[in-house]
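One structure below.
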Amino acid sequence: MEQLNQGRAMLYNFLSGLFARELNAERLSQLTAPESKAFWQQLGSDPALKQAAKLMEQKLLAIAWMQDRDKALLELAADFCGLFLVGSKQSASPYAGLYLQADEDVTLFGEQHQQMLAFLQRSQLQLSGDFPEPADHLAVILAYQAHLCLNASASTQQEFLQECLLSWLEPFCQRVTECDRGGFYAALARLTLAFVQSDAEWLKGAAAH
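Its first residue numbered 1184, the sequence shown is counted upward by one per residue in my numbering.
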């Protein structure tokens, strides 16, 4: 069970990192190196993740094999900025509060931000100084779920997943799919949703025992 939870935590952290910052050349090389093949194969061994994992690997390899890889990474960084950093009609804001608050005049650093800060403080964690984002950013929530994988009961993990992630993840992922011109972040969103939904099902069974 410990090894399984370590694997789950690793995947949550992996997804968190890709939503937190633009993909750089070093990370791309790591994810497309021959050594990474086992990671993608293992991920694809789960029927719920098979198609999403294959698509994600294909997107990464396509960028890595481009003749002008630096230009491709710059275009990908522009996609990241347009999707997640610029609040516009063509963006997919990664903040839970923007999907969960009923008010029309939704603001950042609102109720969900405060809720996540409380979760972090309760676990004696804090936001990284080089990540100046609200605490209800998807990357923070995924990283906190990784922490729970190794430090909390299945029922606690399930409750957090349902309340703080699955309550808004699907409309966010739909928004990414609609707005992402390059397709990389749409593939990432698809993999994230598939994994979180699959993990929620597993936790349901684990919490019942």
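Virtual Cβ for every residue (Gly too), placed ideally from N, Cα, C.
Distance from the CA atom of D1251 to the CA atom of L1206, rounded to whole angstroms, is 15 Å.
In the pairwise beta carbon analysis, the stretch 1368-1385 is classified as not touching the stretch 1308-1316: fewer than three pairs are separated by under 8 Å.
Fully enclosed beta strand (DSSP E) runs of no fewer than 3 residues are not present anywhere in the stretch 1269-1322. Here the stretch 1359-1368 does not lie against the stretch 1218-1235, with fewer than 3 beta-carbon pairs under 8 Å apart.
Within the stretch 1204-1243, the alpha helix (DSSP H) runs of at least 4 residues that lie entirely inside it are, in chain order, 1208-1215, 1220-1227. By the Cβ test, the stretch 1236-1255 is not in contact with the stretch 1329-1340, since fewer than three Cβ pairs between them sit closer than 8 Å. For L1349, the three-state secondary structure derived from DSSP is coil. A1335 sits in coil when the DSSP states are folded into three classes, being neither helix nor strand. For Q1380, the uninterrupted alpha helix (DSSP H) segment begins and ends at 1367-1391. Boundaries of the alpha helix (DSSP H) harbouring R1252: 1252-1263, taken from the DSSP string.
Taking each of Y1278, L1344, R1204 in turn and checking the Cα distance to A1261, the smallest one comes out for R1204.
Under a 10 Å Cβ-count criterion, P1277 is classified as buried, with 16 or more other Cβ atoms of the shown protein chains found around its own Cβ. In the three-state scheme derived from DSSP, where H, G and I count as helix and E and B as strand, M1193 is classed as helix. By the C-beta criterion, the stretch 1313-1327 is judged to be in contact with the stretch 1291-1302, since at least 3 inter-stretch pairs fall below 8 Å. Counting other Cβ atoms within 10 Å of its Cβ, S1199 reaches 16 or more and is therefore classed as buried. For N1196, the closest of S1212, L1281, P1354, H1330 by C-alpha to C-alpha distance is H1330.
For C1356, the closest of A1372, Q1189, I1246, L1283 by C-alpha to C-alpha distance is A1372. Taken atom to atom, the span from the alpha-carbon of S1228 to that of Y1282 is near 32 Å.
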